[in-house]
Amino acid sequence: METLFYVTAVIGCAVIGKSIWDLSQRGSSGKADPADYVLTGTMVFLLLGEAAHLAGLLGGMDFTACKRLFLLGAAGLFLAGCAVQGRLLLQRKRISRNPADKVTGKTDQFDRKGVYYLLPLTIALGVMCVVGQGASVYLQGDMTVETVNTILAQNAVTSVNPLTGEAYRLGMPMRLKVLCLPTLYAILADCFSVGTTDFVWRVVPVLTVAFCLLAFWTVAKHFFSGEHDKRALFLCVVLVIFLLGDGFFGMDGFGLLHGGFLGVTIRQAVLVPYTFGLLLRKKRICVLLCILTEMCMVWTLYGFGVCALVTVGMLLTDWLVGWWRRRTAGKEQA
Amino acid sequence: MTELIQNAWLGWQAYKESGRLIALFLLVLLVLWLWKTGQEGSLRFYATVLAVLCICPVTAALLMQYQTRFYDYQWIWSYVPVTIVTAWGAVLVADRIRSAYRGRERYKAYGLFVLLAAVFLLCGNFGNASGQWAEERADRDSAVQILTAVTESIATSENPHSEALCILGPRNVISEARRLDGGIRTVYGRDMWDLHLGAYSYDVYDDGTQQLYEWMNAVETSAGDGEALASALEVPGDEIRKSGANCLIVPADVPKELVQAIEEELQVPAVFAPGCVYYRISGEGGDQNE
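Residue numbers (our numbering), protein chains in the order written: chain Z, 1 to 334; chain Y, 1 to 290.
See below:
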């Protein structure tokens, strides 16, 4: 069932993500990467999970109804994605029947250069195997499994204190109540019949490692266009940095290796690097998805978190650097 | 605000001690500025400005305010692309070395690569690889065994519980109970000793529950500590009954006199299960030794 989950997650995310990119680029997916499709699809699913969670929290729906809502939404998005892809495929076939219209030119070839990626993929698989055992999970300050178990036991999104099972007397902060990860984990663990601790401590962290690699891949692709050896080295160095950061709570590597299910880890390892990747490639609209996704997973200042500040900072820096270069160029011309 | 600035400064001191990855990042940033590859000037500028803001206590304090007080100092470094810039710089350095030494001098390049790799490894901190995690895992496994043994024992007894279990027990059992089964209740949770979890709720524990927690701590250490045993022998029967607990679990290695003292105070027999001794407090009577 875990394998089925991985396969379903990746395919579902890729189909939905690709459809969104294709529609936003008016049928041309030339500038997007499969990593963009998977990551965009993942963020859409997370936002769908948030919608289901809010339906339970604010709409008074029980967990079963929230799960049904999520599954209907996911199925609807997937079918819509398939329909979009089918239509685009037909359009491309009609266009490609005319040999004169065939596009020729340099493409990003993976055939022989693919061997460069063996090393980072091997390291990544090793990390996934270690993380997938769930043997070293950092639990201080975390109650994700307890919350998921409570949601499943009570059939309600927020009901009792997850740590004791007793009813709240004074309640919990709304800023925490609106975060959707435990509800999403409960839905997925229930759908795929995976034990709660297995799903939260083993299955999710493996996906986090994979998505982390995809996020850094988008950055590598931007930095080293056409240079597969440098891209592969970049990914290797990123993975080594994660391993080197194992010893200190708060470092990227520590979260990835010992808390891949936490919202802060998913933000740190996936959303923030992907935000940088999008901003470096000037795909600024998509950054909104990152900001919204972070809002749903991590305690932020009324929705403004790391991705928002990074976006503002990078846009400001872009403008400043551009202004400085234009000023310098103007002086040189004078 | 002064306290926040002080926390920011102390946070930076602690963060530096975590290894030298931040020093490596700053070194790589310096190299990138010196080389000025012409590419990604905005990323270099952004990384530099944010690194300075994170190190300077006043601006770090403001960033900590922005990220909310829920998070500690080290999380403000999320704004800085440490991994991206370090990896980017490392690749550029490697590429320059490769370009500089070709043909017969290639061995110099290999030597420099090995040196670079050594610098990287020395800047990191692999942590306490297996010891700490193995201990925690063993603790969790032991708690799961105890809980499984107790629930099975109760289920197969003459008077199985019709209501959900509400447990008062050692720390590891309390920690695992709700992870094992969302239907099990506990008198108090991990937020009693893990202060980070206190932020998840406005509720606080009353004095009676605090007393039970302190008593359980004494029970856990009573086997090797005379003072703890003396404290544990003063069983807070009234508080236990008031707490709503219907199952009291104590470690198997507690002294016999403590087992008897609890029996006398609660007027229920001790039941011995693998790894623990438990008492059913709902007053329906328990089984004798099994």
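From the three backbone atoms N, C-alpha and C, an ideal C-beta is built for every residue, glycine too. Quick caveat: nothing in here was measured; it's all calculated off a predicted structure.
Are the C-beta atoms of Y/Ser201 and some chain A residue less than 8 Å apart? In the displayed structure, chain A is absent; the protein chains listed are Z and Y.
Spatial distance of Y/Leu26 from Z/Phe276 (CA atoms): The count along the second sequence starts at 1 and reaches residue 26 of chain Y at position 26. The count along the first sequence starts at 1 and reaches residue 276 of chain Z at position 276. So the alpha carbons of these two residues sit roughly 19 Å apart.
Which residues does DSSP pair with Y/Tyr279 in a beta bridge? Here the question's residue 279 of chain Y lines up with position 279 in the second sequence. Beta-bridge pairing links Y/Tyr279 to Y/Leu248.
Between Z/Val298 and Z/Val270, is the Cβ-Cβ spacing less than 8 Å? Translated into the one-based positions of the first sequence, residue 298 of chain Z becomes position 298. Translated into the one-based positions of the first sequence, residue 270 of chain Z becomes position 270. It is not a contact, given that the beta carbons lie outside the stated cut-off.
Rounding to the nearest angstrom, what Cα-Cα distance links Z/Leu292 and Y/Ile76 in this structure? As a position in the first sequence, residue 292 of chain Z is number 292, starting the count at 1. As a position in the second sequence, residue 76 of chain Y is number 76, starting the count at 1. Z/Leu292 and Y/Ile76: Cα-Cα distance of roughly 19 Å.
Contiguous alpha helix (DSSP H) assignments of at least 4 residues, all confined to the stretch 158-241 of chain Y: 171-180, 207-220, 226-232
Strictly under 8 Å for the Cβ-Cβ distance: is Y/Glu290 near chain Z by that measure? Position 290 of the second sequence holds residue 290 of chain Y. Per-residue confidence for Y/Glu290 stands at a pLDDT of 34, beneath the threshold of 50, marking its modelled position as unreliable; no derived number is given.
Could you name the residues of chain Z that Y/Ile84 contacts, counting a contact when the two beta carbons are closer than 7 Å? As a working note, residue 84 of chain Y is residue 84 in the second sequence. Those are Val219, Pro273, Phe276, listed as they occur along chain Z.
Would Y/Val91 pass as an interface residue toward chain Z - the criterion being a Cβ-Cβ separation below 8 Å? By one-based count along the second sequence, residue 91 of chain Y stands at place 91. Chain Z, which has a Cβ nearer than 8 Å to the Cβ of Y/Val91, makes this yes.
Return the residues of the stretch 247-266 of chain Y that lie within a Cβ-Cβ distance of less than 8 Å from chain Z, sorted by chain order. none
Length at least 4, wholly inside the stretch 19-104 of chain Z: the alpha helix (DSSP H) runs in chain order: 34-59, 63-96
Reduced DSSP category for Z/Phe192 - H, G, I as helix; E, B as strand; rest coil: On the first sequence, position 192 is the one that residue 192 of chain Z refers to. The answer is coil: DSSP assigns Z/Phe192 none of H, G, I, E or B.
So what does DSSP say about Y/Ala273, is it helix, strand or coil? Position 273 of the second sequence, counted from the start, is the residue given in the question as residue 273 of chain Y. Of the three classes helix, strand and coil, the one that applies to Y/Ala273 here is strand, per DSSP.
Check each candidate in Z/Met314, Z/Trp323, Z/Thr328 and name the one with the smallest Cα separation from Y/Leu43. The count along the second sequence starts at 1 and reaches residue 43 of chain Y at position 43. Considering only alpha carbons, the answer is Z/Met314.
Using 10 angstroms around the beta-carbon of Y/Cys276, count the other beta-carbons present and answer buried if the total reaches 16, otherwise exposed. The residue labelled residue 276 of chain Y in the question sits at position 276 within the second sequence. Flag for Y/Cys276 reads buried.
Assuming Z/Phe78 and Z/Ile16 make a contact with CB atoms under 8 Å, what is their CB distance in whole Å? For the purposes of this step, residue 78 of chain Z is taken as the residue at position 78 of the first sequence. For the purposes of this step, residue 16 of chain Z is taken as the residue at position 16 of the first sequence. Yes, Z/Phe78 and Z/Ile16 are in contact; Cβ-Cβ is about 6 Å, under 8 Å.
Less than 8 Å between CB atoms is the rule here; does Z/Gln85 satisfy it with respect to chain Y? One-based indexing of the first sequence puts residue 85 of chain Z at position 85. Judged by the 8 Å Cβ criterion, Z/Gln85 is not in contact with chain Y.
Based on Cα-Cα distance, which residue from Y/Gln6, Y/Val58, Y/Leu63, Y/Lys16 lies nearest to Z/Val310? Within the first sequence, the letter at position 310 stands for residue 310 of chain Z. Looking at the Cα atoms, Y/Leu63 is the closest of the given residues.
Taking 8 Å as the CB-CB limit, is Z/Ser193 close to chain Y? Taking the first residue of the first sequence as position 1, residue 193 of chain Z is located at position 193. Chain Y contact via Cβ: absent.
Along chain Y, in chain order, which residues have C-beta atoms closer than 8 Å to that of Z/Gln133? Locating residue 133 of chain Z in the first sequence gives position 133, where the first residue counts as 1. In chain order: nothing, as chain Y lies at least about 10 Å away.
Residues bridged to Z/Met251 (per DSSP): Reading the first sequence from its first residue, position 251 is the one you call residue 251 of chain Z. Z/Phe249, per the DSSP bridge assignment.
Span separating the alpha-carbon of Z/Gln140 from that of Z/His258: Your numbering for residue 140 of chain Z matches position 140 in the first sequence. Your numbering for residue 258 of chain Z matches position 258 in the first sequence. Cα-Cα distance, rounded: 11 Å.
Among the residues of its own chain, which have a CB less than 6 Å from the CB of Y/Gly198, if the five just before and after it don't count? The residue given as residue 198 of chain Y occupies position 198 in the second sequence. Once the five neighbours on either side are set aside, the close Cβ partners of Y/Gly198 are Asp191.
Evaluate the contact criterion for the stretch 211-229 of chain Z versus the stretch 147-159 of chain Z: three or more CB pairs, one atom per stretch, below 8 Å. no
Please decide whether Y/Ile146 counts as near chain Z, where near means a Cβ-Cβ distance under 8 Å. Position 146 of the second sequence, counting from 1, holds the residue named residue 146 of chain Y. No, Y/Ile146 does not count as interfacial toward chain Z.
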